[in-house]
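A.B. asks: First residue of the sequence shown: 0, per numbering that gives the first Met the number 0; consecutive thereafter.
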Amino acid sequence: MEEGDLAAGKSIAAERGAWIVFEDEAGQSMAPPRPRSWGRIGQTPIVRVRGRGSGRVSMAGMACFKPGRRSRLIYAIREYRGRKDEPKGFGWRDFRDLVVRARLQLGGPIVLVWDNVRLHLTAGMKEFIDANAEWLTVFQLPAYAPDLNPTEGIWALVKRDLGNLAAADLGEITRAVKRQLKGIQYRPGLVDGCIAATGLSLDG
Numbered sequence: 000m001e002e003g004d005l006a007a008g009k010s011i012a013a014e015r016g017a018w019i020v021f022e023d024e025a026g027q028s029m030a031p032p033r034p035r036s037w038g039r040i041g042q043t044p045i046v047r048v049r050g051r052g053s054g055r056v057s058m059a060g061m062a063c064f065k066p067g068r069r070s071r072l073i074y075a076i077r078e079y080r081g082r083k084d085e086p087k088g089f090g091w092r093d094f095r096d097l098v099v100r101a102r103l104q105l106g107g108p109i110v111l112v113w114d115n116v117r118l119h120l121t122a123g124m125k126e127f128i129d130a131n132a133e134w135l136t137v138f139q140l141p142a143y144a145p146d147l148n149p150t151e152g153i154w155a156l157v158k159r160d161l162g163n164l165a166a167a168d169l170g171e172i173t174r175a176v177k178r179q180l181k182g183i184q185y186r187p188g189l190v191d192g193c194i195a196a197t198g199l200s201l202d203g
């Protein structure tokens, strides 16, 4: 999203009384992310984890902003356990349903900002966007620009705490992810901090 696009998005949001919603996806396997910690000088602390077992937890999140309103986080989670015919992650219909859920929860029009991954560009998604133009406007971030999406900051907060988790199974990771995301939902200041970190301003 270039500066002109952001200005256009803010203008449309102001005209429609819309929320500006940034969407992004992330995932976590059984291998924990690498965290930072404290340790004795010259003695790197090591936590051994099994890291065995197949599976992945997929996360789709929406950081939602509107001047004068409390910032919101809306998310969906899907487990993949490596079973036959089980979807490995989200499909375009899952993204469609998440957008619809966001509209219902936010109670108004949406200016949606997301990247140009393949599932965002499917024919079905394009038809859905065109059919709902009265309440949905979509802007695409430029390729390889995660620093412009505040939802990336949400994933950083989640994975920071997962780095201290030596999970025994995929279910434990899923529960930890849900716990972290729900905690962020109740702390809108964290969501505000994520957009501040991008350098974007939604005021004015």
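Ideal Cβ placement from N, Cα and C applies to all residues, glycine included.
(1) Could you tell me how far apart the beta carbons of Trp134 and Arg82 are, in whole angstroms, since I believe they sit closer than 8 Å?
(2) According to DSSP, is Trp91 helix, strand or coil?
(3) Compute the distance between the beta-carbons of Met58 and Tyr74, then report whether it is under 8 Å.
(4) Considering Asp160, what are the terminal residues of the alpha helix (DSSP H) in which it resides?
(5) To the nearest angstrom, report how far apart Val176 and Glu24 are at their CA atoms.
(6) Using alpha carbons as the reference points, say which of Gly182, Val56, Val110, Ala62 lies closest to Lys87.
(7) Does Gly60 come out as helix, strand or coil in the three-state DSSP assignment?
(8) Would you mind sorting Gly60 into buried or exposed? The rule is 16 or more other CB atoms within 10 Å of its CB.
(9) In whole angstroms, what separates the C-alpha of Ser200 from that of Gly8?
(10) Our contact map puts Phe21 next to Thr150 with C-beta atoms below 8 Å; I'd like the distance itself, whole angstroms only.
(11) Distance, Cα to Cα, Glu2 vs Leu147?
(12) Measuring CB to CB, does Cys193 end up less than 8 Å from Ala62?
(13) Counting along the chain, where does the alpha helix (DSSP H) carrying Ala26 start and finish?
(14) Among Met124, Ile19, Arg71, Lys158, whose alpha-carbon lies nearest the alpha-carbon of Gly26?
(15) With DSSP as the reference, label Thr121 as helix, strand or coil.
(16) Using the Cα positions of Ile76 and Ser28, report the straight-line distance between them to the nearest angstrom.
(17) The beta strand (DSSP E) with Glu78 in it runs from where to where?
(18) Going by C-alpha to C-alpha distance, which of Asp84, Ala130, Asn131, Val137 sits closest to Val110?
(19) Taking the straight line between their C-alpha atoms, what separation do you get for Gly162 and Leu156?
C.D. replies: In this structure, then:
(1) In fact, because the Cβ distance is near 37 Å, the residues do not count as touching under 8 Å.
(2) helix
(3) Yes, the Cβ-Cβ distance between Met58 and Tyr74 is below 8 Å.
(4) 150-161
(5) 13 Å
(6) Val56
(7) strand
(8) buried
(9) 12 Å
(10) 5 Å
(11) The pLDDT assigned to Glu2 is 49, lower than 50, so where the model puts this residue is not dependable; a value taken from the coordinates is nonetheless given after this. Rounded to the nearest angstrom, the two C-alpha atoms are 11 Å apart.
(12) yes
(13) Before going further, note that residue 26 is Gly rather than Ala in the sequence given. First-last for Gly26: 18-28, but that is the beta strand (DSSP E), not the alpha helix (DSSP H).
(14) Lys158
(15) coil
(16) 13 Å
(17) Element bounds for Glu78: 71-79.
(18) Of Asp84, Ala130, Asn131, Val137, the residue nearest in Cα terms is Val137.
(19) 10 Å
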